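Just so you know, we're using this note's numbering here: the sequence shown kicks off at 797 and counts up by one.
See structure below.
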Amino acid sequence: MSGPFYAMKFPLGVGNTTRHDDIYYEQRKIITNIADRENCIIVGRCADYTLQDHDNILKIYIYAPYEARMRNCVDILKMKPDAAKKMISDVDKARASYHKHYAGYLPGDYEHMDFTINSASLGIDHSAEVIRDIVLKKFGDMM
């Protein structure tokens with residue numbers, strides 16, 4: 797399997813942990829700098845942990861069940877089922893390892909989230925509308 801989606805499957809890949817740490821701490825500085833200056837949306841990169849002490853933060857974990865992710869890989873990305881299964885497993889393990897290592901908890905841990913949304917239950921567009929409504933309710937006066 798090749799292509800842009802497979803190449804991006806690991807947040808930091810595998811290998812030299814010193815290099816991973818350097819990248820993580822640089823990302824952390826950039827995320828904090830942006831959040832200190834302006835409104836922003838950060839996807840992944842332990843931003844929920846990095847920005848946990850900021851006053852105006854909304855932490856949303858978006859997920860989909862395995863079957864929905866498998867369907868997306870096969871139907872939309874045109875992956876073979878075996879390759880899709882492996883990629884989903886590899887990505888899940890990499891994300892969990894990355895987040896647990898740097899934040900100390902797994903991604904989507906409800907104790908660290910304001911909301912979790914199953915994007916398969918409403919679809920992508922309606923899930924985005926729900927998120928927009930949540931943002932407007934929380935930050936409407938600030939926008």
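Cβ coordinates follow ideal geometry from the N, Cα and C atoms, glycine included.
Model, not experiment: these values are computed from the prediction.
message: Assess contact between the region 813-827 and the region 875-884, defined as three or more Cβ pairs (one per stretch) separated by less than 8 Å. Is contact present?
response: no
task: State the Cα-Cα distance for the pair GLU952 and HIS908, rounded to the nearest angstrom.
output: No answer is possible for residue 952: it lies beyond the span of the chain, which begins at 797 and ends at 939.
- request: Could you check how far apart the C-beta atoms of LYS934 and LEU854 are, in whole angstroms? I think they sit under 8 Å.
  value: 6 Å
- prompt: Under the three-state reduction of DSSP, which class applies to ILE927: helix, strand or coil?
  reply: helix
field: Under the three-state DSSP convention, the category ILE856 falls into
entry: strand
task: Output the boundary residues of the alpha helix (DSSP H) element that contains ILE913.
output: Counting along the chain, ILE913 falls outside any alpha helix (DSSP H), though it belongs to the beta strand (DSSP E) covering 911-914.
- request: Taking ASP850 and ALA831 to be in contact with their CB atoms under 8 Å, please state how far apart those CB atoms are, rounded to whole angstroms.
  value: Before going on, a small fix: residue 850 reads as His here, not Asp. Sure, about 6 Å apart at Cβ, within 8 Å.
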